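Visitor:
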Amino acid sequence: MATRVDTPIRERKILSEILISGVGPAPIDPPPANDAGGNNSEAGQPARGIEALEPRVREKGSTSSTAAPDISVIIPTFNRGSVVAAAVESVLTQTYTDYEIIVVDDGSTDDTAERLAPYLPYVRYLYQANRGVSAARNRGVGAARGEWVSFLDSDDLFHPTKLEVQRHALRVLGDEFGACFTNCAYTGHPALARTAFEESGVVISGEFGALADPLKYHLGKPACFYLQSMMVRRDLLRRLNGFDEAMVVVDDTDLIFRLGLVARFCIVAAPLVSIDRTPSRARLTDIFSDTGDRAVLYSMRMFEKWLALPELTDGETRDMVRSALRHAYYTLSIRSLYGCQFGNAARYLRKVRELDESYASLASTLLSRATRKLLRRFRPN
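Note that our numbering gives residue 282 to position 282 of the sequence shown, counting from 1, and the numbers run on in steps of one.
1. Hey, out of Leu53, Ala47, Tyr330, Met300, whose CA is closest to Arg115's CA?
2. Considering Thr331, what are the terminal residues of the alpha helix (DSSP H) in which it resides?
3. In chain order, what are the residue ranges of uninterrupted beta strand (DSSP E) at least 3 long that sit wholly in the segment 175-243?
4. For Ser361, count the other beta carbons within 10 Å of its own beta carbon; 16 or more makes it buried, fewer makes it exposed. Which is it?
5. Note down, in chain order, each residue of its chain lying with its Cβ closer than 6 angstroms to the Cβ of Arg277, except the 5 sequence neighbours on either side.
6. Mapping DSSP to helix, strand and coil, what is Phe151?
7. If you count every other CB in all the chains shown that lies within 10 Å of the CB of Arg258, and 16 or more means buried, which is it?
8. Helix, strand or coil for Asp105? Go by DSSP, reduced to three states.
9. Are the segment 102-120 and the segment 165-185 touching, with three or more C-beta to C-beta distances below 8 angstroms?
10. In the DSSP assignment, find the alpha helix (DSSP H) that holds Leu413 and state where it starts and stops.
11. By alpha-carbon positions, which one of Arg137, Leu211, Ala117, Lys162 ends up nearest to Tyr99?
12. In its own chain, which residues sit with a C-beta less than 8 angstroms from the C-beta of Tyr348, not counting the 5 before and 5 after it?
13. Measuring straight from C-alpha to C-alpha, what distance separates Ala136 and Met247?
14. Taking the alpha helix (DSSP H) that Tyr348 belongs to, which residues open and close that run?
15. Just curious, the beta strand (DSSP E) that Gln128 is in, first and last residue?
16. Since Val73 and Leu152 should fall inside the 8 angstroms C-beta cutoff, what is the C-beta to C-beta distance between them, to a whole number of angstroms?
17. Which one of Asn130, Pro118, Tyr338 has the shortest CA to CA distance from Leu367?
18. Checking the sheet assignment: what are the DSSP bridge partners for Thr97?
19. Give the DSSP-derived three-state secondary structure of Pro271 in the structure shown.
20. Work out the CA separation of Ala324 and Lys13 for me, nearest whole Å.
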C-alpha cells in the first residue's frame, strides 16, 4: 500500500530518564490483602462482566495451555479497579483469538485483584511491589510467550478487530517490518475530536502501509504513535533491553524512538484503539510524573542519550534531537538565572556552546527568551 507523509520538522518536548534496564522475568508475588483506604473512586468505562461476554469468548480456553500464543497483550495497572476489567474485556472480544493476556498489577491497593478475579481463567495476573509503569511493562515482556507483543493501558480500550487487522497487515507487508501502529481515537475530552493521525498529519492511501521516516513524526507534535496501538516483535523488545525503568514519564516515547532506529514501521489507517483523555482522571504514567526543573532535566537527559546512540546516523533526525536538546539547555539556564543559581546557569550555557551555538546566537536567544518570560510574568490577567 502506498503512503504519503508530510514530515513535521518541529520540536517535541519529551520528558524522560536515561538508564536502560533488562526485561528478565521476576518471581510472581501474591497480592496483599485489600487496603480499604486505597479505594479508587474514579469513574471509568463499566465492564460488562464475564458472563455477559459472547459464549465463544468464555469458551476460548484458559491460560493453562502449553502452546505458545501468537500475540501477548500486556496490561500494566495501578489502582485502576474501576476500569481495568473493561480493558481486559476489550481484548477478550477480539476477532483474532491466538493471544494471551498478561495483567501486571504494580502494587495496587484498591480492589483491582477482586475485579479481575472472574477473568483469571483467561488472564495471567502478575503482582509486584510498586515500581512504576516501565517496570510493570518489562515484567510483562519478561513473562510473554508470544512472538508479537501488544500493550494496553488499563484505562484504554482495543476495538474488536485491532489484533486481526495488524496481524494481517504484517503478514502482507512481510518480515522486514518489526512494528505496526494503528490510528487512535480519543475519548472523554470534547476538544479531541480528531484522530491521532489526523492531528499529526499522517496520510495513508489504503487500509495499511509502510511509513517512511517514522522518527520525524515521532519527534513531531502532536503525538503520532501510541504504545497502546503498537504491535512489535518480542525479540526486538529484548534486543533493546525493554523500557527504561528510571523514567517517570514517557518511557514509551523513548522505547519507540529506539525501536525506530532498528526496525521498519507500518501503520493501519483505522482508529482501532480508544485512548481515554478524561481531564479529571490521572493516567498511570502521571502518577510517577514530575514537574518543573526535574521534568526538563528528564528531557535533557533523554536527548543526550539519544545523540549517543550509534544507530542514530540520520543527519536530519540528529538535528531535530539537537534542536530539542538546545531548547532544554536554554530553559534550564534561564530558570537557573531566575533562581540565582549562577553556576548551574553557566553550566547549561556551556552545554549550548558545545552544540556549536555561536556566542552571538546564544546571547540573542537568551535575551529573547528571558524577555518573553518577564512579559508573561507581568502580563495583566
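Glycine residues also receive a C-beta, built at the ideal position from the N, C-alpha and C atoms.
Note that the structure is predicted; figures quoted are calculated from it, not measured.
Guide: In short:
1. The sequence position of residue 115 within the sequence shown is 115, counting from 1. Closest by alpha carbon: Ala47.
2. In the sequence shown, the residue the question calls residue 331 occupies position 331. Run containing Thr331: 315-338, per the alpha helix (DSSP H) assignment.
3. 177-187, 202-204, 208-210, 230-233
4. The residue you call residue 361 lines up with position 361 of the sequence shown. Under this definition Ser361 is an exposed residue.
5. Stepping through the sequence shown from its first residue, residue 277 is reached at position 277. Result list for Arg277: Tyr186, Gly188, His189, Leu192, in chain order.
6. Start at 1 with the first residue of the sequence shown, and residue 151 comes out as number 151. Strand at Phe151.
7. Position 258 of the sequence shown holds residue 258. Buried is the call here.
8. Against the sequence shown, residue 105 aligns to sequence position 105. Asp105 falls in the strand class under three-state DSSP.
9. no
10. Given that the chain is displayed from residue 1 to residue 381, the structure contains no residue 413 and the question cannot be resolved.
11. In the sequence shown, the residue the question calls residue 99 occupies position 99. Nearest of Arg137, Leu211, Ala117, Lys162 to Tyr99, Cα basis: Lys162.
12. Against the sequence shown, residue 348 aligns to sequence position 348. Cβ neighbours of Tyr348 beyond the five flanking positions: Tyr329, Tyr330, Leu332, Ser333, Ser336.
13. One-based indexing of the sequence shown puts residue 136 at position 136. One-based indexing of the sequence shown puts residue 247 at position 247. Computed Cα separation, rounded: 12 angstroms.
14. Sequence index remark: in the sequence shown, residue 348 carries index 348 (1-based). Element bounds for Tyr348: 342-354.
15. On the sequence shown, position 128 is the one that residue 128 refers to. Residues 123-128.
16. Here residue 73 corresponds to residue number 73 of the sequence shown, with the count starting at 1. Here residue 152 corresponds to residue number 152 of the sequence shown, with the count starting at 1. Going by Cβ atoms, the distance from Val73 to Leu152 rounds to 6 angstroms, so yes, they are a contact pair.
17. As a first step, residue 367 is located in the sequence shown; it is residue number 367 there, counting from the start. It is Tyr338 whose Cα lies nearest to the Cα of Leu367.
18. By one-based count along the sequence shown, residue 97 stands at place 97. Looking at the DSSP assignment, Thr97 forms no beta bridge with any residue, so it has no partner.
19. Residue mapping note: residue 271 aligns to position 271 of the sequence shown, counting from 1. Reduced to three states, the DSSP call for Pro271 is strand.
20. The residue labelled residue 13 in the question sits at position 13 within the sequence shown. The residue labelled residue 324 in the question sits at position 324 within the sequence shown. For Lys13, the pLDDT reaches just 27, beneath the cut-off of 50, and the residue's location in the model is therefore unreliable, although a value from the coordinates is still provided. Their Cα atoms are separated by approximately 7 angstroms.
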